[in-house]
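**Q** In this note's numbering, the protein residues as written are 1 to 676. Cβ coordinates follow ideal geometry from the N, Cα and C atoms, glycine included. Below: one structure in structure tokens.
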């Protein structure tokens with residue numbers, strides 16, 4: 001810890017404190033402490049009891065290895081201010097009384113009640129007396145239920161959890177926004193917060209897919225904590241990555257006598273009890289738990305380990321049943337090589353489906369996340385026949401749907417190598433692992449896949465798209481931070497396009513690598529907050545983002561004073577639109593500061609966009625009558641709607657509506673009501 005800066009009631013930095021006040025390690029208390037003398041405040045007079053409430057402290061941490069400064073938002077520091085024996089607790093988010101809002105489930109079936117828990121803390125030195133906590137329920141800015149209130153009082157340093165029960169409308173596939181306002185006894189607003197509720201009978205309609213990847217000895221409370229953190233983001237499905245023993249024998253032990261523990265492919269300890277606890281924890285929050293395994297992989301020695309796998313079922317580089325296809329693994333892993341098998345071979349299908357059935361008889365997974373390596377190139381079966389990978393995988397998934405009729409199937413179509421596979425087994429949604437080497441280089445490439453898959457399957461696409469990829473490889477421990485602009489822009493694009501980003505897991509972790517345990521990079525508190533706002537926004541506006549009735553809208557969106565594009569070119573505001581009955585939904589994505597249109601941000605250096613304010617938008621809506629214009633953004637006021645004044649007219653381009661947008665940081669969604 002290095003720097004303290006103090007400000008006073010004027011809320012400007014105090015010029016009297018210009019030197020470093022070095023905190024000292026207190027060996028008696030076992031903590032770092034610093035004393036700020038009252039003389040520091042001489043310029044504004046002598047402080048009196050309670051006056052410290054106007055003071056803000058920022059602690060800055062210096063990493064001497066990288067010569068990088070981090071603020072205390074990353075480290076969740078709490079301070080205690082003392083004077084003459086009086087002490088007050090003070091948090092690292094001064095002015096934030098509402099500490100968290102949580103719903104008891106990530107998704108609700110129609111008719112299910114919603115239990116809302118609001119954590120409120122008094123972080124100032126005087127009591128909060130007769131305050132009111134109010135929650136409002138809206139959809140697209142319109143009230144859908146009566147407000148609820150709770151009276152509360154909190155002593156200094158006290159925290160309370162206040163609960164509300166809400167019965168949302170029973171119409172299926174709807175998202176709602178929750179607004180919370182805390183006012184004191186005099187009606188002064190102390191704090192605000194927001195959240196969202198997803199009422200959907202099927203998780204796959206609005207998928208928010210996350211992951212688990214660590215299964216150490218862990219009690220149920222620890223497992224629940226990780227699920228609760230993901231529930232804060234409304235994650236409604238989890239891929240349990242590398243939970244299994246061997247890929248061709250996923251269950252360690254037998255159905256009647258499963259092993260208590262085993263080592264995974266990297267040699268990591270895995271507890272069967274923890275796997276069960278995590279699945280149960282996911283189910284407690286109404287999350288789907290998907291069992292991860294490769295469609296066609298077996299470890300070295302499969303022919304001698306008693307599993308019954310036969311090399312005749314294999315996939316081969318040569319057409320004479322030699323040189324079995326597969327890939328080598330790092331030295332020291334449990335197997336030196338993963339061998340591939342022909343997914344269309346019915347004997348292999350019967351074998352692996354039985355193994356998956358055994359695994360899911362012991363561990364209560366909801367389904368199977370089937371992994372693949374995409375287009376594997378030129379390969380043969382043991383009889384020398386050239387294999388068609390698209391056909392083979394489609395046959396495999398169709399057979400899996402029959403063999404596992406009660407299980408949900410998700411499939412990694414690497415690089416979107418085939419759209420036929422999605423129909424073969426009526427997959428839950430489209431899931432694509434994106435790679436530049438396979439054609440997914442730009443933001444536009446990802447948007448094209450979103451649109452194509454939507455048109456082909458009528459379902460959203462979730463992308464496994466690993467950001468800050470090269471940057472993350474330069475460290476082996478979580479000592480670096482994700483680059484906020486790269487994450488926020490990609491998440492905004494994928495959500496605006498009706499898709500999702502497979503990124504969150506293990507509580508509050510984010511992926512930067514295709515090997516999920518390599519969690520080398522952390523989210524800052526600022527990024528966590530921004531991503532959470534975006535997930536809230538996606539849930540609250542699911543009807544305008546994921547409705548299967550949405551269709552592309554190619555009408556002109558003109559920003560007269562700003563350079564625009566329709567393909568995500570760097571240095572522009574990217575515009576596109578979709579529509580459904582009664583609404584045209586316009587999306588503005590801010591790439592004005594971007595020097596490239598490539599999505600990976602491999603070196604974590606995408607610049608923060610320059611925020612545009614009070615700019616004119618002219619939208620040529622074609623036929624019909626405009627009934628209203630609204631703007632909302634996860635970057636502004638936690639996604640609240642704002643009604644905009646507008647005018648209509650016509651010129652050589654046709655009928656238009658014109659309005660002024662107050663602010664664009666990363667992404668604005670503009671909803672134009674049009675009666676046609």
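1) For the 8 Å Cβ check, are there 3 or more pairs between the stretch 603–616 and the stretch 473–493?
2) Would you check if the distance between the CB atom of residue 341 and the CB atom of residue 315 is smaller than 8 Å?
3) List the DSSP bridge partners of residue 368.
4) What's the call for residue 116, buried or exposed, on a 16-neighbour Cβ count within 10 Å?
5) Pick from 563, 597 and 325: whose alpha carbon is nearest that of residue 615?
6) Hey, how far is the Cα of residue 52 from the Cα of residue 491?
7) Quick check on this structure: which residue in 367, 275, 247 and 571 has the alpha carbon closest to the alpha carbon of residue 597?
8) If the criterion is Cβ atoms closer than 8 Å, does the pair residue 276 and residue 217 meet it?
9) Taking Cβ positions only, does residue 127 come closer than 8 Å to chain B?
10) Going by the CB atoms, is the gap between residue 372 and residue 414 shorter than 8 Å?
11) For residue 289, count neighbouring Cβ atoms within 10 angstroms of its own Cβ and tell me buried if that reaches 16, exposed if not.
12) So, is residue 165 buried or exposed, given that buried needs 16 or more other C-beta atoms within 10 angstroms?
13) Output yes or no for whether 8 Å exceeds the beta carbon distance between residue 543 and residue 577.
14) For the stretch 346–358 and the stretch 400–414, state whether three or more C-beta atom pairs, one from each stretch, are separated by less than 8 Å.
15) Relative to the C-alpha of residue 662, which residue among 160, 348 and 631 is closest?
16) With respect to the alpha helix (DSSP H) encompassing residue 528, which residues constitute its N-terminal and C-terminal limits?
17) Excluding sequence positions up to five away, which residues of its chain have a Cβ less than 6 Å from the Cβ of residue 379?
18) Using DSSP bridges, identify the partner residues of residue 589.
19) Per DSSP, what kind of secondary structure is residue 263 in: helix, strand or coil?
20) From residue 567 to residue 344, what does the alpha carbon distance come to, in whole angstroms?
21) For residue 117, report the span of its beta strand (DSSP E) as first-last.
22) Quick check: the stretch 461–477 against the stretch 588–597, are there 3 or more CB pairs under 8 Å?
23) Based on DSSP bridge pairs, tell me the residues matched to residue 552.
24) Enumerate in chain order the residues of its own chain whose CB-to-CB distance from residue 641 is below 6 Å, with the five nearest sequence positions on each side excluded.
25) Using alpha carbons as the reference points, say which of 469, 473, 501 and 335 lies closest to residue 430.
26) By Cβ distance below 6 Å, which residues in the same chain neighbour residue 594 in space, the five residues on each side in sequence not counted?
27) What are the boundary residues of the beta strand (DSSP E) that residue 433 is part of?
28) Do you know offhand how far residue 155's Cα is from residue 230's?
29) Less than 8 Å separating the beta-carbons of residue 582 and residue 432?
30) Sorted by chain position, which residues of the same chain lie with C-beta nearer than 8 Å to residue 271's C-beta, five sequence neighbours on each side aside?
31) Can you check which of these residues, 374, 382 and 437, is closest to residue 411 by C-alpha distance?
32) Starting from residue 355, follow the alpha helix (DSSP H) in both directions and report where the run begins and ends.
33) Taking the DSSP output, what are the residues bridged to residue 177?
34) In whole angstroms, what is the alpha-carbon distance linking residue 668 and residue 496?
35) Would you mind reading off the limits of the alpha helix (DSSP H) that contains residue 394?
**A** With the structure as the only source:
1) yes
2) For the purposes of this step, residue 341 is taken as the residue at position 341 of the chain shown. For the purposes of this step, residue 315 is taken as the residue at position 315 of the chain shown. Yes.
3) In the chain shown, residue 368 corresponds to position 368, counting from 1. In the DSSP output, where bridge partners are listed per residue, residue 368 has 291 and 409.
4) Mapped onto the chain shown, residue 116 falls at position 116. Burial call: buried.
5) By one-based count along the chain shown, residue 615 stands at place 615. Answer by Cα proximity: 563.
6) On the chain shown, position 52 is the one that residue 52 refers to. On the chain shown, position 491 is the one that residue 491 refers to. Unreliable placement is indicated for residue 52, whose pLDDT of 38 sits below 50; no coordinate value is reported for it.
7) Here the question's residue 597 lines up with position 597 in the chain shown. When only C-alpha atoms are compared, the closest one is 571.
8) The sequence position of residue 276 within the chain shown is 276, counting from 1. The sequence position of residue 217 within the chain shown is 217, counting from 1. No, these two residues do not count as a Cβ contact at 8 Å.
9) You won't find chain B in this structure, because it holds only one protein chain.
10) Stepping through the chain shown from its first residue, residue 414 is reached at position 414. Stepping through the chain shown from its first residue, residue 372 is reached at position 372. Yes, these two residues count as a Cβ contact at 8 Å.
11) Walking along the chain shown from the start, residue 289 turns up at place 289. Buried, because 16 or more other Cβ atoms sit within 10 Å of the Cβ of residue 289.
12) As a first step, residue 165 is located in the chain shown; it is residue number 165 there, counting from the start. Its Cβ having fewer than 16 others within 10 Å, residue 165 is exposed.
13) Here residue 543 corresponds to residue number 543 of the chain shown, with the count starting at 1. Here residue 577 corresponds to residue number 577 of the chain shown, with the count starting at 1. In this structure, residue 577 does not lie closer than 8 Å to residue 543 by Cβ.
14) yes
15) Taking the chain shown and counting its residues from 1, one reaches residue 662 at position 662. If we check each option's Cα against that of residue 662, 631 comes out closest.
16) Here residue 528 corresponds to residue number 528 of the chain shown, with the count starting at 1. 525–540 is the span of the alpha helix (DSSP H), which, as asked, contains residue 528.
17) As a working mapping, residue 379 is identified with position 379 in the chain shown. Result list for residue 379: 315, 325 and 387, in chain order.
18) The count along the chain shown starts at 1 and reaches residue 589 at position 589. In DSSP, residue 589 forms a bridge with 574 and 667.
19) As a working mapping, residue 263 is identified with position 263 in the chain shown. DSSP places residue 263 in strand when its eight states are reduced to three.
20) As a working mapping, residue 567 is identified with position 567 in the chain shown. As a working mapping, residue 344 is identified with position 344 in the chain shown. Roughly 38 Å separates the two Cα atoms.
21) As a working note, residue 117 is residue 117 in the chain shown. From DSSP, the beta strand (DSSP E) with residue 117 extends over 114–121.
22) no
23) Reading the chain shown from its first residue, position 552 is the one you call residue 552. In DSSP, residue 552 forms a bridge with 578.
24) Here residue 641 refers to the residue found at position 641 of the chain shown. For residue 641, where only same-chain residues beyond five positions count, the Cβ hits under 6 Å are 141, 630 and 632.
25) In the chain shown, the residue the question calls residue 430 occupies position 430. Closest by alpha carbon: 501.
26) Counting from one through the chain shown, the residue named residue 594 turns up at place 594. Answer for residue 594: 570, listed in chain order.
27) Locating residue 433 in the chain shown gives position 433, counting from the first residue. Segment 430–433, the beta strand (DSSP E) holding residue 433.
28) Locating residue 155 in the chain shown gives position 155, where the first residue counts as 1. Locating residue 230 in the chain shown gives position 230, where the first residue counts as 1. The straight-line gap from Cα to Cα measures roughly 30 Å.
29) By 1-based counting over the chain shown, the position of residue 582 is 582. By 1-based counting over the chain shown, the position of residue 432 is 432. No; because the gap between Cβ atoms is not below 8 Å, this pair is not in contact.
30) The residue given as residue 271 occupies position 271 in the chain shown. Cβ within range, chain order: 215, 216, 217, 218, 260 and 261.
31) One-based indexing of the chain shown puts residue 411 at position 411. Per the Cα distances, 374.
32) Taking the chain shown and counting its residues from 1, one reaches residue 355 at position 355. Element bounds for residue 355: 346–362.
33) Mapped onto the chain shown, residue 177 falls at position 177. Beta-bridge pairing links residue 177 to 138 and 196.
34) In the chain shown, counting from the first residue as 1, residue 668 sits at position 668. In the chain shown, counting from the first residue as 1, residue 496 sits at position 496. Between residue 668 and residue 496, the C-alpha separation is close to 9 Å.
35) As a position in the chain shown, residue 394 is number 394, starting the count at 1. Looking at the DSSP string, the run of the alpha helix (DSSP H) that includes residue 394 is 389–403.
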